[in-house]
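Here's the structure we're looking at; comments come further down.
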Amino acid sequence: MLNFFKINKLFQQKQSLALYNLKVVTMKELLEKLENNSFIDKVRMDLEFDVKDYQELLKILNEIKHYTHNHNLIEKRLASYLYEIPKLTHIWYLNLKDDPNKNESSIVNQLEEAWIELDSIIGEEILGQGQ
């Protein structure tokens with residue numbers, strides 16, 4: 130019985146230490162991260178699907194998902210920005226899929242997959258959590 134209490138106390142200490150080291154992120158910081166991500170800009174300006182920027186975008190969206198899961202309120206500007214991401218990705222996919230110079234290129238396939246993934250993450254996992 131004594132060992133159980135020692136183990137339980139050690140476990141609680143480790144949890145407290147882990148919570149202490151956990152950085153609390155604000156909605157403003159998440160919005161800044163999202164605005165600073167250049168995935169959409171590179172698609173729009175350079176017709177480039179930057180995998181690194183896309184992975185970073187997914188990471189930011191995951192942070193936002195966890196934030197919104199713990200908070201019942203989302204800033205209007207952040208919600209607006211979130212709505213635009215899959216919409217713009219879809220628009221660029223539609224523009225390029227009918228372009229004879231691009232319709233066989235990998236960017237078209239990447240944009241289609243990204244649009245579906247982003248729409249699912251943002252529409253269902255972030256903005257649709259309360260429904």
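Residue 130 is where the sequence shown starts when you use our numbering, and the numbers rise one by one after that. C-beta: ideal position from N, C-alpha, C; glycine also. Just so we're clear, the structure is a prediction, and the values are computed from it rather than from any experiment.
Could you check whether the Cβ of residue i sits closer than 6 Å to any heavy atom belonging to the ligand ATP?
{"i": "D227", "result": "In the structure shown, the ligand ATP is absent, as is every other ligand, since no ligand is present at all."}
Where does residue i fall in DSSP's three states?
{"i": "F168", "result": "helix"}
{"i": "V154", "result": "coil"}
{"i": "E177", "result": "coil"}
{"i": "L247", "result": "helix"}
{"i": "G252", "result": "helix"}
For residue i, collect the residues of the same chain with a Cβ closer than 6 Å to its Cβ; drop the 5 residues on either side in sequence, then sort them by chain order.
{"i": "K162", "result": "I189"}
{"i": "K194", "result": "E254 and I255"}
{"i": "L186", "result": "N166 and F168"}
{"i": "V172", "result": "W221"}
{"i": "F178", "result": "I236 and Q239"}
Note down, in chain order, each residue of its chain lying with its Cβ closer than 8 Å to the Cβ of residue i, except the 5 sequence neighbours on either side.
{"i": "E241", "result": "Y222 and K226"}
{"i": "V154", "result": "E192 and Y196"}
{"i": "L159", "result": "I189, E192, I193, Y196 and L207"}
Have a look at residue i and residue j and give me their C-alpha separation to the nearest angstrom.
{"i": "A208", "j": "I251", "result": "9 Å"}
{"i": "E246", "j": "N166", "result": "17 Å"}
{"i": "F168", "j": "N199", "result": "27 Å"}
{"i": "S235", "j": "Y183", "result": "15 Å"}
{"i": "K205", "j": "G257", "result": "15 Å"}
{"i": "N150", "j": "L202", "result": "Only weak support is given to the placement of N150: the predicted model assigns it a pLDDT of 46, under 50, and the value that follows is read from those uncertain coordinates. Distance between the alpha carbons of N150 and L202: 25 Å."}
{"i": "V180", "j": "K157", "result": "25 Å"}
{"i": "N230", "j": "Y212", "result": "29 Å"}
Can you find the residues in the same chain that come closer than 7 Å, C-beta to C-beta, to residue i, ignoring five residues on each side of it along the sequence?
{"i": "H219", "result": "W244"}
Contact check, residue i vs residue j under 8 Å by CB: the rounded distance?
{"i": "D248", "j": "P215", "result": "4 Å"}
Going along the chain, which unbroken runs of the alpha helix (DSSP H) with 4 or more residues stay wholly within the region 187-245? Positions of the alpha helix (DSSP H) runs, each at least 4 residues long and wholly inside the region 187-245, are given as 205-226 in order along the chain.
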